[in-house]
Every structure is written in structure tokens, then in C-alpha cells.
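Numbering (our numbering), first residue to last: 33 to 506.
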């Protein structure tokens, strides 16, 4: 658009229109081409700026969701997206422990300014290019006007960024907003102002808890009557555990019970981990030290990777609908329907009913080929256990994190509770969650003789053991 084609009225409006074109061109280029990806200490971050109705900073942790906070007043959204975590970094932090999370976070904080500088320069150059190119294309202006427009566009973007950073409030993340799967984060993560304090205490609590368990069992060694309610070598002691959820203290609790009560078999009702990630198995490697039979039924939080880890344990057995005989005790069970996927729940009730009914039917279908009824049936979900209680005299399950023993004339249902105190989240819970388990005394082909309900609360320094005797058939 040349000056010769402009009417007098448009000639008067030309300067402000060029100014408007420069501003819009600068903003358009920043919006379209501003996002940039940077590699930093083993992670890949994508930074971008977008217009919004409320100034905020968003941490995009797809596919889990995002965390945002109102950090500034300008109607701009600063987005930091985590694109990739290098395997070497994950190995250093979670496997070799050569770099602690605190060291990584401190290094990240020190490195962030080195990312902001090239990112801001990128935005300013794009603003200048967008403003200059837009003015030249629309107005066919002289190069000096185009260059001036580019400088103007760059200065405007610089001014906006400076205003946004000037009143930037990082403390706004003390009251963040969670979206997606991360919306459950407040239920498992302590408040930000308590997080660092609790992280400092966790290692000390782990050592203290392990020490307390050993002390408790040292005192119990003199009470031999507790360890063997019937002086009958045909009675087997079976340690029932469930829902360890990657808690290393729970592993120590399990090992101490198995050792000090001289149990014959360990039966695990599932949920060995929280998310089924292979890296979580590093938290449960203490199980590899167990040298007695370990029977496992995968739960809804377990995955094929976790099942493979259990298979590597010596003396481990994974129930897949079959009946196994270990030290004379016949044990039958099958995995939770969700253990074959990365999902931990099903929202559609009808779909879930179909899944658990199929699990029950699959287990009952194996009954025809088996001559004798199993002594113990093991599943993970309480609803499945309820359905199976109509067909089997003894059903063991977990999932609810609530220890219970329900005994009727025809059936006994036992839930050992959560042997991992609800997992890592239990370590930070405001309300203490006890570590729990059950020791079952049973003879092959007969109903159980007794069950010891065990609860250990390391914070209250309390250990409870309650004996329940089952009526014999007479």
C-alpha cells in the first residue's frame, strides 16, 4: 500500500496504523514462533508465552496434568513443559543415588537463568522481525521505517516482559492449582511449606522404625507361646501382607515379621508399588533377601513390569488362576483385572462389574479340573473376595488398607491391611497410618486354628498383637 494511493484522511491515520501493525506483528511472531526447547542437565524443557485472562505460570507435566499458580498480574501465561527426562539422570537419582533430588533441584535453580537469557533474546528478535516484516508487507514502507518498527516491536515486548518479571511472585506456588491426574497431588504430597522439613526427616524415620521393629521382636522372643499357638508341627504359619506401595519401611516390617515369627510362607495380596514403574522396584529390592516361599497376587497398582520383578525373586510364586501346593498348603488365586494395564481404576461401574465377574468366573472355572478344594484363596479386591466367599471357606484379600477378620459358619475372610502403611504417602500423612499384617496358623485340609492381627505405629511407638481363635469343627 503506497502513499500515492492513500486519501488525505488515510495519510493522517498512516502513522498510528503502522504503529498498530508493528505491535500486532510483534505479538503474532512471538506467539507463533516463540516457544523454544532447551536441554538442561538431562532434562528437556519447552518454554512458551501465551495470552490469557489471568497472569500465571504453568508447569506442564503431561500426561499427568499440570500445576499452575497466579505468579504475576499481566495477562500472560508463562508455560514450562517437561518434554523428556534422560535415562542417565533417572539412573543417577533413583538407582545409583549419585545425585540426590535436593542437589538436582539446586542445580536446576542455578541453571534456570541461563535458559531465560536466550529465551528472552529469542522473543525480542522474533518481535523485531514480526514488526518489521508486517509493516513492510502491508505498507511497503521504506527500510528505515521497517527497521524502526522492528525496534519498536522489540521494545514493547521487552517492556511487557520486564513488567511481568518485576512483580513475579514465586511464593504463589504455595497455593497451586492442580489439573488432570495431578489433582490428587494434595492428598499424597504435603503442603509446600512442610515438604522440605518432612523430606529431611524421612531418612531418620526409616532408620528409627527399622531399629524399633528389631527391638520389639527381641522382647517377644521370650514369649514362645505367641509364635506357636498349637504344638503341632503340621500347623503352618503364613504371613499375610498386602498393599506395600513401595514403602521401604514396610519391607523391613515384613522381613522382621517373617524372621522373628519363623513363618513358613508369605502371601502377598498385591499392590507392591504405587504406579507400577520399574524404577519403583528399587524401593522394594529388600524383598530379594527373602529366602522362604513368597506367593504373590498382583493388585490394581501392579503392572507387567512389577510382575516380572517378582518372578526374579527366589522362591516366588505368582498365582494365575491355578492352585499351588507349598509345604502342604494348597493356595489358589488370580490377579486383579487392572494389573495387565497402567490403569488403577475404572470409572464405569458396569464395566468394572463385568471385569470382576469375569475374574470370579475364571477362578471357578478351574475348579472342575482340581480334585481337592484349596486351603486358601487369594485375590486383591474386596468385592471379588466377597463374591468368592460363597464358594470357598477361606479368602484372603487387600486393597482397602483396612485390617479385618470376618468369620462366619461357612467362611473366613481376612484382610491384612496395609503392610506399607498406605505407601510413601503414609510417611507424610498427618494422621498416623499403622503398618499391619496377619499371621495365619493353618493345617492342610482344615480350617485355620488362629490368626494374629499385628499393627505397628512407629510414630506412636506402639506395637499391637491381637490373637483370634477360630472355632474348630466338632
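From the three backbone atoms N, C-alpha and C, an ideal C-beta is built for every residue, glycine too. Predicted model, so just to flag it, every value in this text is computed and none were measured.
Drop a sphere of 10 angstroms on the beta-carbon of residue i, count the other beta-carbons inside from all chains shown, and report buried for 16 or more, exposed for fewer.
i: residue 351; result: buried
i: residue 280; result: buried
i: residue 275; result: buried
i: residue 490; result: buried
i: residue 501; result: exposed
i: residue 385; result: exposed
i: residue 52; result: exposed
i: residue 519; result: It is not possible to answer for residue 519, since the shown part of the chain is limited to 33 through 506.
i: residue 480; result: buried
i: residue 285; result: buried
i: residue 44; result: exposed
i: residue 61; result: buried
i: residue 364; result: buried
i: residue 128; result: Unreliable positioning characterises residue 128 in this predicted model, as indicated by a pLDDT of 44, which lies under 50. A coordinate reading is not provided.
i: residue 255; result: Legend: pLDDT at residue 255 = 49, less than 50; position of this residue unreliable, value from coordinates given subsequently. The residue in question, residue 255, is exposed, as its Cβ has fewer than 16 Cβ neighbours within 10 Å.
How big is the Cα-Cα spacing for residue i and residue j?
i: residue 429; j: residue 411; result: 5 Å
i: residue 188; j: residue 89; result: 21 Å
i: residue 176; j: residue 164; result: 10 Å
i: residue 196; j: residue 49; result: 26 Å
i: residue 148; j: residue 65; result: 16 Å
i: residue 328; j: residue 353; result: 12 Å
i: residue 270; j: residue 440; result: 21 Å
i: residue 497; j: residue 454; result: 20 Å
i: residue 47; j: residue 150; result: 32 Å
i: residue 367; j: residue 290; result: 24 Å
i: residue 391; j: residue 370; result: 11 Å
i: residue 431; j: residue 347; result: 24 Å
i: residue 76; j: residue 98; result: 16 Å
i: residue 452; j: residue 283; result: 7 Å
i: residue 437; j: residue 304; result: 22 Å
i: residue 162; j: residue 101; result: 30 Å
i: residue 199; j: residue 84; result: 17 Å
i: residue 337; j: residue 307; result: 11 Å
Can you look up residue i in the DSSP assignment and give me helix, strand or coil?
i: residue 105; result: coil
i: residue 111; result: strand
i: residue 398; result: coil
i: residue 172; result: coil
i: residue 83; result: strand
i: residue 194; result: helix
i: residue 51; result: helix
i: residue 68; result: strand
i: residue 379; result: coil
i: residue 365; result: strand
i: residue 167; result: helix
i: residue 77; result: strand
i: residue 292; result: helix
i: residue 427; result: strand
i: residue 297; result: strand
i: residue 224; result: Only weak support is given to the placement of residue 224: the predicted model assigns it a pLDDT of 43, under 50, and the value that follows is read from those uncertain coordinates. Here residue 224 sits in helix by DSSP.
i: residue 314; result: helix
i: residue 146; result: helix
i: residue 281; result: helix
i: residue 404; result: coil
i: residue 319; result: helix
Candidates the options: which alpha carbon is nearest residue i's?
i: residue 450; options: 386, 467, 341; result: 467
i: residue 485; options: 288, 440, 273; result: 273
i: residue 448; options: 302, 101, 107; result: 302
i: residue 563; options: 324, 112, 84, 102; result: The shown model of the chain, from 33 to 506, leaves out residue 563, and the question about it has no answer.
i: residue 443; options: 334, 419, 433; result: 419
i: residue 56; options: 184, 75, 494, 299; result: 184
i: residue 313; options: 287, 332, 277; result: 277
i: residue 322; options: 193, 334, 452, 345; result: 345
i: residue 266; options: 114, 359, 68; result: 359
i: residue 421; options: 355, 446, 106, 169; result: 446
i: residue 377; options: 170, 331, 173; result: 331
i: residue 426; options: 373, 409, 387; result: 409
i: residue 105; options: 482, 193, 406, 393; result: 193
i: residue 510; options: 406, 299, 158; result: The chain is shown from 33 up to 506; residue 510 falls before or after that span and cannot be answered.
Where do the N-terminal and C-terminal ends of the beta strand (DSSP E) with residue i fall, by residue?
i: residue 489; result: 482-489
i: residue 498; result: 494-501
i: residue 328; result: 326-328
i: residue 356; result: 355-358
i: residue 348; result: 348-350
i: residue 469; result: 467-474
i: residue 267; result: First-last for residue 267: undefined, no H or E at that position.
i: residue 340; result: First-last for residue 340: 336-343, but that is the alpha helix (DSSP H), not the beta strand (DSSP E).
i: residue 410; result: 408-410
i: residue 91; result: 88-92
Does residue i come within less than 8 Å of chain D when only Cβ atoms are used?
i: residue 107; result: Note that chain D does not occur in the displayed structure, where there is just one protein chain.
Does the ligand GDP have a heavy atom nearer than 7 Å to the CB of residue i?
i: residue 62; result: By its list of ligands, the structure shown contains no ligand whatsoever, and the ligand GDP lies outside what it can speak to.
For residue i, report the span of its alpha helix (DSSP H) as first-last.
i: residue 420; result: 414-420
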